[in-house]
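Participant: In the numbering used here, the protein residues as written are 3 to 106.
Here it is, the structure in full.
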Amino acid sequence: MGHRSQADRDAMTVEIGFAVVTGALLAGAAFLAVCAPALLLTSRDSVPSALFMAATAVAALVFVGRVVDVLWRFGHRDTGPEIGRHGPVLPDQPSQPGRTRPDS
Numbered sequence: 003m004g005h006r007s008q009a010d011r012d013a014m015t016v017e018i019g020f021a022v023v024t025g026a027l028l029a030g031a032a033f034l035a036v037c038a039p040a041l042l043l044t045s046r047d048s049v050p051s052a053l054f055m056a057a058t059a060v061a062a063l064v065f066v067g068r069v070v071d072v073l074w075r076f077g078h079r080d081t082g083p084e085i086g087r088h089g090p091v092l093p094d095q096p097s098q099p100g101r102t103r104p105d106s
């Protein structure tokens, strides 16, 4: 592993933050998706603790899965030379407005 530039370290920090925040949001949504039917149809006291444990397990799996997925993709991104780094190379525009054919 070679020396990383400040930009590489900053990119990794941002990617870790993105992975954790999106993982937490998706885990919260998964927890609510598992518990919502029981919470809406019954009172809180009658919801079995097994449902909360299952919802917690699903949320944990979603969180870990999201973090691993985001960081795996970041680690395996194309690191080859970037051609056209600022976007695709577009052909020159015609000199007269309204003319769309390159030979006009």
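In this text, a Cβ means the ideal position worked out from N, Cα and C, and glycines have one as well.
Count the other C-beta atoms from every protein chain shown that fall within 10 angstroms of the C-beta of Ala61, then say buried if there are 16 or more, exposed otherwise.
Facilitator: Answer is buried; the Cβ neighbour count reaches 16.
Participant: With the cut-off set at 8 Å, would you say Phe54 and Cys37 are in Cβ contact?
Facilitator: Yes. Within cutoff.
Participant: For the alpha helix (DSSP H) containing Thr15, name the first residue and the last one.
Facilitator: It spans 8-43 - the alpha helix (DSSP H) in which Thr15 sits, taken as one unbroken run.
Participant: Below 8 Å between beta carbons: does that hold for Val72 and Phe20?
Facilitator: yes
Participant: Put Arg75 into one of helix, strand or coil per three-state DSSP.
Facilitator: Looking at Arg75 - three-state DSSP - the assignment turns out to be helix.
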